Each structure stands twice: as C-alpha cells, then as structure tokens.
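Position one of the sequence shown corresponds to residue 204 (the numbering used here), numbered consecutively onward.
Encoded as structure tokens, the structure appears first; notes follow it.
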Amino acid sequence: MIDRLNEFFFPKQVSTFASDIDNLFYFIFYSSVVLMAIVVIGMVVFSIKYRFKKGDKVRLTSSKDHDNILESLFFIIPLILVSITFVWGIRSYLKMIIVPDDAIEIKVTGQSWFWTFDYPEGGTSLNELVVPSNTPIKILLSSKDVLHSFFIPVMRTKMDALPNRYNIMWFEAQEEGVYDIFCTEYCGTAHSQMAAKVIVMKPKQYEEWVKELGSGDDDLPLDELGEKLYTKKACNTCHTLDGSDLVGPSYLETSRMWGQTRNFEDGSSAVIDENYIRKSILEPQSQIVAGYQGVMPTYQGLLSDRELDALIAFLKSLNDK
Ligand SMILES: [Cu+2]
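As structure tokens, this is what we get:
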C-alpha cells in the first residue's frame, strides 16, 4: 500500500536518504489535508447551522466572543507541526549535505547541452554517469557556460551547476539499475534534450568499467568507433542520421555533400572534406553553417586525434548507407 502510494507521487527510492525525504513530504502533505478538512468541514457545518432563518432577530455580534482553550489550540497545534517539520527537515538536510569521508569523487560538468563525467581513476564519459552501488559518491559540479542544474530524481537530489564555481552534492545508490538525469535549469534551445543516465553497477563491475574507460577502444575499425562516439560524445543531441534537422545539420546531409561547397552565415564558403569536418568539430564558431546558430560547443580537449579520425570516417560512411 505504502509502495503503491509512493509510486503515485514519486519515482523509485534509490538513494539512502530518499525515504527520509519522501516521508517528510507525506507528513507535511497529510497534516495539511487534515487541517484543511477540519477548516472546510467546520465552515460548511457552521454556515448551515447558523444560517439566517425566517423570523430570526438580527444580532450584530455574538454573545460569546472569547474561548481561551480554542484560541490556544489555534497556535499550539500549528506550532507543534512546524516544530516537527523544522527538526525533521534540518536533520534530513544535514544528511544530504554532509559528504561521507570515504566517498568517490566524480567531477560533473554541464555544458550546452550535455554532461561530462570525469572519474578519479582517469577517463571521461559523456551523458552516462556510472557509479558503484552501496558506495557514497561525491559530485563536484560546475558548468562550462550558462547555468544548468543536475537532477537525479530517484536519488532525490538536485544542485545548480554554475560557471566558475564548484557546487557539491552526494548520494549513495542502494540498487543497481539505469536511471534518469535531467537538466532542470532552462539553458537554451536544446535544454529538453539535456538528459543523461546514471548507471548503478555492482562495485566489481564498476571497477572493470572504469579500467576499460581509461584504455579506450583501440582495436575497433575507425568508422565503427566513430559510430560509438557519435552517441558517447553526445553528437546525437544535435545531429540526426536520417536527414531531419535538430539544432544542427543532419550528418546524412553533410555526408551527401562531401566534396561540395558549404555556405556560411558570414557569406564565406568552404568545401566539405576531412579538414573542414575536423575544423567544424574543434572550432565550431569559426564557420557557422548558413541557416543555423553557432551553438555547437568546441570539442577541443575532449577528443583524441584517433577519435577525430573515427568521427570523420563514420560521417563519410553514412553516404553509402
Ligand atoms: Cu542545461
């Protein structure tokens, strides 16, 4: 019954402090429901009972104008309720902001419009935060450009990501699974696509995962590696593969224009080839494709040379499909 009710109001409880926060919500919610019921029922009953009837004499003030007990209850009951809420609230809040000493620290960076995760063992993932279960995780949060907000509903935790400043939050996941991450600060055109996943693994699996993250995909053919990177590096939040437009031009269209001239906003133009694509990825602001806005982030420092080659090879390969 409690579980069913919880699903109605909230997503699953995964972090250690999730149930605490939900229970405080229920406490405030149900005491408000009870108080409202008392006030509304009282109002209706009294207005029927004491309504003006034919033949009643008009009396301007009630003969009874004071009741000490009733008036004391009017402030004692709310005082008790807000005191409980205060103590409960501050205890839950402290639990949420005091990071355990043995937490694993992961650097999270928001950027229009994706998230980057840097692990202490080395290695970076995009839009996919992988964490071990039953281990406290400390999130060191910041932004590369505008305000974003990092929200993991199942962990019941959320924090603003600010440029030039670090914010800290933490959680401990109690159950393996794949859960949603949202940006909850309106940050521009593709804000609604700024969604990521948190993947909770068994600690053993996590160890293997970070090890592999550091080592890379050295043995994949370039175009296959490029296809992986296309989602891993979040190109797919702005570029499609089927010819339709998102924020940026479709990859399919670009691959079909290989060797042809591309016109830019400032009136200049260039031929679409390997060098043009490389420059588009590393210095997107240098040439803005006509009809689009210069919102693509630079991938300088986020891609190795081999990864750049791979993305170019993948893009070229689309023309044959
Ligand atoms: Cu955002």
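Glycine is no exception: its CB is placed at the ideal position from the N, C-alpha and C atoms.
The structure presented is a predicted model; accordingly, all values stated were derived computationally and were not measured.
Residue range of the unbroken beta strand (DSSP E) whose run includes residue i
{"i": "Ser345", "result": "339-346"}
{"i": "Ser472", "result": "472-474"}
{"i": "Thr264", "result": "Thr264 -> no beta strand (DSSP E), and no H or E assigned at all."}
{"i": "Glu308", "result": "307-314"}
{"i": "Asp448", "result": "Looking at the DSSP string, Asp448 is not in any beta strand (DSSP E), and its letter there is neither H nor E."}
{"i": "Thr327", "result": "327-329"}
{"i": "Lys400", "result": "398-404"}
{"i": "Thr319", "result": "317-321"}
{"i": "Cys426", "result": "Before going further, note that residue 426 is Asp rather than Cys in the sequence given. No beta strand (DSSP E) contains Asp426, which is instead part of the alpha helix (DSSP H) from 425-435."}
{"i": "Arg465", "result": "464-466"}
{"i": "Asp363", "result": "360-364"}
{"i": "Asn370", "result": "370-375"}
{"i": "Ser352", "result": "351-355"}
beta-carbon residue i near ligand 1 non-hydrogen atom, thresh 7 Å
{"i": "Cys441", "result": "no"}
{"i": "Met499", "result": "no"}
{"i": "Met397", "result": "yes"}
{"i": "Trp316", "result": "yes"}
{"i": "His269", "result": "no"}
{"i": "Gly313", "result": "yes"}
{"i": "Glu388", "result": "yes"}
Residue from the options with nearest C-alpha to residue i
{"i": "Gln314", "options": "Ile283, Gln396, Ile402", "result": "Gln396"}
{"i": "Arg509", "options": "Ile224, Leu425, Lys341", "result": "Leu425"}
{"i": "Pro281", "options": "Lys347, Ser234, Met246, Gly245", "result": "Ser234"}
{"i": "Val302", "options": "Tyr322, Lys341, Thr327", "result": "Lys341"}
{"i": "Leu297", "options": "Ile480, Ser345, Met372", "result": "Met372"}
{"i": "Ser453", "options": "Gly462, Gln463, Thr440, Thr464", "result": "Thr440"}
{"i": "Asn466", "options": "Pro500, Thr288, Ile491, Ser458", "result": "Ile491"}
{"i": "Lys400", "options": "Cys390, Asn337, Gln408, Cys386", "result": "Cys386"}
{"i": "Asn226", "options": "Trp291, Asp363, Lys267", "result": "Trp291"}
{"i": "Ser286", "options": "Phe230, Thr434, Asp305", "result": "Phe230"}
{"i": "Ala393", "options": "Glu427, Leu416, Cys438, Lys361", "result": "Cys438"}
{"i": "Ser507", "options": "Asp448, Thr327, Asn271", "result": "Thr327"}
{"i": "Arg359", "options": "Tyr409, Ser250, Phe228", "result": "Phe228"}
{"i": "Ser345", "options": "Gly470, Asn370, Pro339, Leu518", "result": "Asn370"}
{"i": "Lys519", "options": "Ile480, Thr464, Ala493, Val498", "result": "Ile480"}
{"i": "Ile515", "options": "Glu430, Ala240, Asp422, Phe353", "result": "Glu430"}
{"i": "Val560", "options": "Phe277, Phe212, Asn367, Ser275", "result": "Here the chain has residues from 204 to 524 only, and residue 560 is not among them."}
{"i": "Ala493", "options": "Ala473, Leu511, Arg368", "result": "Ala473"}
{"i": "Lys310", "options": "Asp476, Asn478, Glu324", "result": "Glu324"}
Residue range of the alpha helix (DSSP H) that includes residue i
{"i": "Met460", "result": "Careful: Met460 lies outside any alpha helix (DSSP H) and carries neither H nor E."}
{"i": "Pro281", "result": "271-300"}
{"i": "Leu485", "result": "477-485"}
{"i": "Val243", "result": "221-252"}
{"i": "Tyr382", "result": "Careful: Tyr382 lies outside any alpha helix (DSSP H), inside the beta strand (DSSP E) at 380-386."}
{"i": "Asp512", "result": "508-520"}
Any non-hydrogen atom of ligand 2 closer than 7 Å to residue i Cβ
{"i": "Leu518", "result": "Inclusion of ligand 2 in the displayed structure is not the case, the ligand content consisting of ligand 1 alone."}
Within-8 Å CB hit, residue i to chain C
{"i": "Ser352", "result": "The structure shown has no chain C; it contains just one protein chain."}
Tell me whether the segment 250-269 and the segment 328-344 touch, counting them as touching only if at least three CB pairs, one residue from each stretch, are closer than 8 Å. no
Could you tell me whether the segment 468-486 touches the segment 496-506, where touching means 3 or more Cβ pairs closer than 8 Å? yes
May I ask you to verify whether the segment 426-434 touches the segment 377-385, counting CB pairs closer than 8 Å and requiring at least 3? no
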